[in-house]
Amino acid sequence: MYLDQGHQVGNHTMHHLKGFNTESERYLMDVEEADQYIHSNLLRPPYGRIKFKQLRALKNKYHIVMWDVITRDYNSKLSPEKILRIVKRYTRDGSIIVFHDSLKSIKTLKVALPQCIEFLQEKGYEIALLPKNPPISL
42 MYLDQGHQVG NHTMHHLKGF NTESERYLMD VEEADQYIHS NLLRPPYGRI
92 KFKQLRALKN KYHIVMWDVI TRDYNSKLSP EKILRIVKRY TRDGSIIVFH
142 DSLKSIKTLK VALPQCIEFL QEKGYEIALL PKNPPISL
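Count along the sequence shown from 1, then add 41; that gives the number in our numbering.
Quick look at the structure:
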């Protein structure tokens, strides 16, 4: 459904493994298991953590996508207004902002995301997709 609307999807591992706390072989198998469903060359390591050995093994197949603004929208103690303040304070040209599409975050997401998009557009930011075939690099 979302792909038909122009959205992109990327690999985030099958079981949201912490790269630094997981044996590399298991982590790589988990990425490949998720790829059987996702079929994307985009990969965002859970928690933004990945071992150099894992990165070296993945970088030829995946474009590793990190971020510079994490909204923490999964935290039930944070209000939509707090999420908006985080976006306002930390967003810069070229920022990649992380929101979560999950049961933990959906209530906050439904309120905060439209407000954040409105703010970003008012400030002249362009919300864009990553290139379909971005260069494979960090």
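No residue lacks a Cβ here, since even glycine has one placed at the ideal position from N, Cα and C.
Kindly indicate which residue of the options has the alpha-carbon position closest to the one of residue i.
i      : options                       : result
Gln77  : Arg85, Lys92, Met55, Gly60    : Met55
Leu150 : Ile91, Ser120, Tyr68          : Ser120
Asn62  : Asp114, Leu170, Lys92, Glu167 : Lys92
Ile138 : Val106, Ile79, Leu58          : Val106
Glu122 : Asp71, Leu154, Gly165         : Leu154
His57  : Gly89, Lys102, His48          : Gly89
Enumerate in chain order the residues of its own chain whose CB-to-CB distance from residue i is below 7 Å, with the five nearest sequence positions on each side excluded.
i      : result
Ser136 : Asp109, Val110
Leu170 : Gln49
If you follow the alpha helix (DSSP H) that residue i is in, where does it begin and where does it stop?
i      : result
Glu163 : 147 to 163
Gln77  : 65 to 79
Glu122 : 121 to 131
Leu96  : 93 to 99
Starting from the C-beta of residue i, find all residues in its chain whose C-beta is less than 8 Å away, skip the five residues before and the five after it, and write them out in chain order.
i     : result
Val50 : Tyr43, Leu44, Ile79, Ser81, Leu83
Going along the chain, which residues of its own chain have a beta-carbon closer than 6 Å to the beta-carbon of residue i, five neighbours each way excluded?
i      : result
Pro172 : none
Does the stretch 122 to 132 come into contact with the stretch 91 to 100, if we say contact requires no fewer than three beta-carbon pairs (one atom in each stretch) closer than 8 Å? no
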